[in-house]
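Peer 1: Take this structure, written in structure tokens, and hold onto it; I'll ask about it next.
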Amino acid sequence: MRVIETIRRWRATAMPLSDQLSVAGELAAGWADVLRLRTDDAWVHIESAHDRSRNAGLLHTHAHLLRVVGWGLRRRPGALVRELPLVVMAAPAAHVRRAAGLGPDQEGGVGLLATWRMRARG
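In case it helps, my numbering puts the sequence shown at residues 29 to 150.
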């Protein structure tokens, strides 16, 4: 893949500032509900922020971190353990998604990251 095409895809899939601010507001509302121990109310904000932040690395990492806390509050240790590696991989996966030209509503992420890394090695 040529560098110019990657840059074009990267710019085309950038998350608009208004969407970033909206997702940041969802994350703040999620944290506020978590701190009040209102798990069900928080989960609505957490899932919304997670789904909308797929192409914004730091926001997506923040959403996965909030999901870890949410799973802990829901007393779901298995889900919490499965979520931990996603906290670390969220930002690189978001960058690979953007370089591949995927929009926030399209599927692909960590699996795409693994495929990309295998191609780089072999």
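Backbone N, C-alpha and C fix where the C-beta goes; we use that ideal spot for every residue, glycine too.
1) Output yes or no for whether 8 Å exceeds the beta carbon distance between Ala84 and Ala56.
2) Quick check: the Cα distance between Leu86 and Pro120, rounded to an integer number of angstroms?
3) Can you tell me which of the three DSSP states Glu135 falls into?
4) Between the segment 101-109 and the segment 59-71, are three or more C-beta pairs nearer than 8 Å?
5) Check whether the segment 109-120 touches the segment 90-98, taking contact to mean three or more Cβ pairs, one atom from each stretch, closer than 8 Å.
6) Locate the alpha helix (DSSP H) running through Leu45, then write down its first and last residues.
7) Do Glu111 and Ala77 have their C-beta atoms closer together than 8 Å?
8) Closest to Val97 by C-alpha separation, out of Ala127, Gly131, Trp59, Gly129, would be which residue?
9) Roughly how many angstroms lie between the CA atoms of Arg66 and Glu33, to the nearest whole one?
10) My parser needs the alpha helix (DSSP H) runs of 4 or more residues fully inside the segment 62-97; what are they?
11) Is Arg104 helix, strand or coil by DSSP?
12) Tell me which residue opens and which closes the alpha helix (DSSP H) that Thr34 is part of.
Peer 2: If we stick to the structure as given:
1) no
2) 10 Å
3) coil
4) yes
5) yes
6) 45-63
7) no
8) Trp59
9) 45 Å
10) 67-80
11) coil
12) 31-40
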